[in-house]
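Enquirer:
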Amino acid sequence: MIQRIKLFAAALFLLAAAWIAPPVIQRLRHLCPVKPTGVPEAQATAAWARKYGVSCNVCHVAGYKLTRTGQQFLRSGHQMPGGEDKEANLSDYLALTAKLRSWQKNKNTETLATGAETKEIRNSFEAHALSIYAGGPLDKGFSFFSEMYLNENEKKNPLENAEKTESDMGDWARSKLAELYLQYNTGFGEDVSWTARMGRIMPWLIHLHGGGARLEYSRPLPFTSTVNSENPYRTFSRQFGASTGLSYKDAFLELGVVNGTGKYENTVEIGTDTHKDVFATLDYAFDGNGSMAGVYYYRGRYPSHWFVPSKYTGDDAFNQLGLMGNYTIDLQGVKGALVGSYLTGKNKFNTPGITGFEQKSKGYYIEAQSHLMAGDLAPYFRWDFFDADTSFKDNEKEGPVLGIHWKPMEHGRFVLEGSQYKSKNASKSLTTGAVTAATKQTTERETTLEIQFMF
7 MIQRIKLFAA ALFLLAAAWI APPVIQRLRH LCPVKPTGVP EAQATAAWAR KYGVSCNVCH
67 VAGYKLTRTG QQFLRSGHQM PGGEDKEANL SDYLALTAKL RSWQKNKNTE TLATGAETKE
127 IRNSFEAHAL SIYAGGPLDK GFSFFSEMYL NENEKKNPLE NAEKTESDMG DWARSKLAEL
187 YLQYNTGFGE DVSWTARMGR IMPWLIHLHG GGARLEYSRP LPFTSTVNSE NPYRTFSRQF
247 GASTGLSYKD AFLELGVVNG TGKYENTVEI GTDTHKDVFA TLDYAFDGNG SMAGVYYYRG
307 RYPSHWFVPS KYTGDDAFNQ LGLMGNYTID LQGVKGALVG SYLTGKNKFN TPGITGFEQK
367 SKGYYIEAQS HLMAGDLAPY FRWDFFDADT SFKDNEKEGP VLGIHWKPME HGRFVLEGSQ
427 YKSKNASKSL TTGAVTAATK QTTERETTLE IQFMF
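Be aware that the sequence shown starts at 7, since it is given in this note's numbering, and climbs by one per residue.
1) Mind checking V264: buried by the 16 CB within 10 Å criterion, or exposed?
2) Three-state secondary structure (DSSP) at L211?
3) Among all the DSSP beta bridges, which residues are the ones paired with M415?
4) Would you call the region 175-185 and the region 379-389 in contact, with 3 or more CB pairs under 8 Å?
5) Locate the alpha helix (DSSP H) running through G76, then write down its first and last residues.
6) Assuming contact is defined by CB atoms lying nearer than 8 Å, are Q447 and K428 in contact in what I supplied?
7) At the level of alpha carbons, what is the spacing between F420 and K413?
8) Would you list the residues sitting across from V441 in a DSSP beta bridge?
9) Below 7 Å CB to CB, which residues in the same chain sit around Y333 once its five sequence neighbours on both sides are set aside?
10) Who are the Cβ neighbours of A323 in its own chain at under 6 Å, not counting the five residues just before and after it?
11) Contact check, L211 vs A68 under 8 Å by CB: the rounded distance?
12) Compare the Cα-Cα distances from G83 to each of A101, N112 and F151 and report the closest residue.
13) So, are the CB atoms of S231 and R240 less than 8 Å apart?
14) Closest to M415 by CA distance: which of N129, D400 and I457 is it?
15) Here's the rule I'm using: 16 or more other beta-carbon atoms within 10 Å means buried, otherwise exposed. How should G294 be labelled?
16) So the candidates are R206, L100, Y223 and G193; which of them puts its Cα closest to the Cα of K255?
17) Among the candidates G76, A135 and N325, whose CA atom is the shortest distance from the CA of E158?
18) From what residue to what residue does the alpha helix (DSSP H) around L227 run?
19) In whole angstroms, what is the alpha-carbon distance linking G300 and F292?
20) Which partner residues of Q458 appear in the DSSP bridge assignment?
21) Note down the Cα distance separating I410 from K162, rounded to an integer number of angstroms.
22) To the nearest angstrom, how far is the alpha carbon of E404 from that of G147?
23) Taking the alpha-carbon of A202 as reference, which of G251, D400, L106 and H215 has the nearest alpha-carbon?
24) Taking the beta carbon of P28 as the centre, do at least 16 other beta carbons fall within 10 Å, making it buried, or is it exposed?
25) From the DSSP output, read off the bridge partner residues of M154.
26) Quick one, are the C-beta atoms of T445 and N431 less than 8 Å apart?
27) Do Y302 and P209 have their C-beta atoms within less than 8 Å of each other?
28) My output table needs one value for G247: the three-state DSSP class, helix, strand or coil.
29) Have a look at I276, S243, Q77 and L288 and flag the residue whose alpha-carbon is nearest the alpha-carbon of M330.
30) Please name the residue or residues paired with Y302 in a DSSP beta bridge.
31) Quick one: is V314 buried, meaning 16 or more other Cβ sit within 10 Å of its Cβ, or exposed?
32) Enumerate in chain order the residues of its own chain whose CB-to-CB distance from L129 is below 6 Å, with the five nearest sequence positions on each side excluded.
33) Is the Cβ-Cβ distance between Q326 and G351 less than 8 Å?
34) In the DSSP assignment, what are the bridge partners of S310?
35) Going along the chain, which residues of its own chain have a beta-carbon closer than 7 Å to the beta-carbon of G217, five neighbours each way excluded?
36) When you compare only the Cα positions, how much space is there between F391 and E153?
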């Protein structure tokens, strides 16, 4: 308990430092060379800046974080008023982007009884991905968006992976369709609009708070974690389905139905399982900087009992509820943001020993950002926490993430990020409910430099 209090106090101190110190630097930034004013920002999808002849900072601040204008642009079909009147030009709809990485991972596993440690160190250079973004208005209220990875590296190698099963290209790489949807928008006066889309989608509220457009290199831990090994659901997932949205002034409601395949994003519905998952989001934007608060709900059912071998004799009926938001400030030259989310979930299924077994989960993250030099330099600190089963201790995973975003050129960015997550291996029997105390503690440290450019 004392150690947790110390860790929490340290996290609060670092959050305060990340929030208070950068504005002081901002006040003194005249001591450092900065980019002249009037130069267009280009830290987002370059095609749309070309199309509308505007600076990218109309929609973005500090990397890919969206302003209120950017949020509306995203939800209205990647178009601005009058966009359909412009003659179609392929360069206004297509952008090419690449990600280059250098990383090191250190994994230390300590046996609690003896203090003995085993260490694993990995590092590499990596051309991670080459992708195409495409999207914009078609006509008569229709628009589209797609993100296609022409080539993505997933850290495969011939020592540990079989080339024929791990790659669709014969070189341990793969192609990937990240998102693709057709969208329709229509308005009812100045304050009300309605939209619908179908394809491979992600809830827009998740997109705006760590799933998609973001400053950081990594997504938050509670967004990328699954509750158990036999259910692929995670908060961040892009699934095949459809959604509809209604906006009234600064409030937005989205309802969606998806196949329910979770992180298995390229699969269709599992076998003959006809059950579909549903989600709902409601959010409200407070200002032009993109400050927002929202609520997220997901309800699903996964046929884990169809798979052999399986720990479960019944399918997994589950739900997740989340609160998320961000407060972005731009006050007399002091710029930054606080971003966070809190998620709770419940999974219910039958096991060989327990009928109606329930597993409750909890996760959260909180992040402080500072936006310096017109957003070209942006340090950030985040604390992640995820507990897959809250009924017992020592199965949580948590830790700090510290990074800095730097935009040295108009069409790219550098992000240097370090993280340290700690977890223990306590477990719970599905047949008796008995808890096995933790015997090991694992510390995972990762440092990554990502360079991304787009044209």
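Idealized CB from N, CA, C, for every residue including glycine.
Expert: Let me lay it out:
1) buried
2) helix
3) G418
4) no
5) R74 to R81
6) yes
7) 6 Å
8) K434
9) S297, A343 and L344
10) R307 and K354
11) In fact, because the Cβ distance is near 20 Å, the residues do not count as touching under 8 Å.
12) F151
13) yes
14) I457
15) exposed
16) G193
17) A135
18) L227 to T230
19) 11 Å
20) K105 and R419
21) 27 Å
22) 45 Å
23) G251
24) Its pLDDT being 40, under 50, P28 is placed unreliably in this model, and the value from its coordinates should be taken loosely. When all chains shown are included, P28 counts as buried.
25) I138 and L183
26) yes
27) yes
28) strand
29) L288
30) T287 and G328
31) exposed
32) Residue 129 is actually Asn in this sequence, not Leu. So the list reads Q110, once near-sequence residues are dropped.
33) yes
34) For S310, which the question treats as bridged, DSSP gives no partner whatsoever.
35) M208, R225, F229 and F242
36) 29 Å
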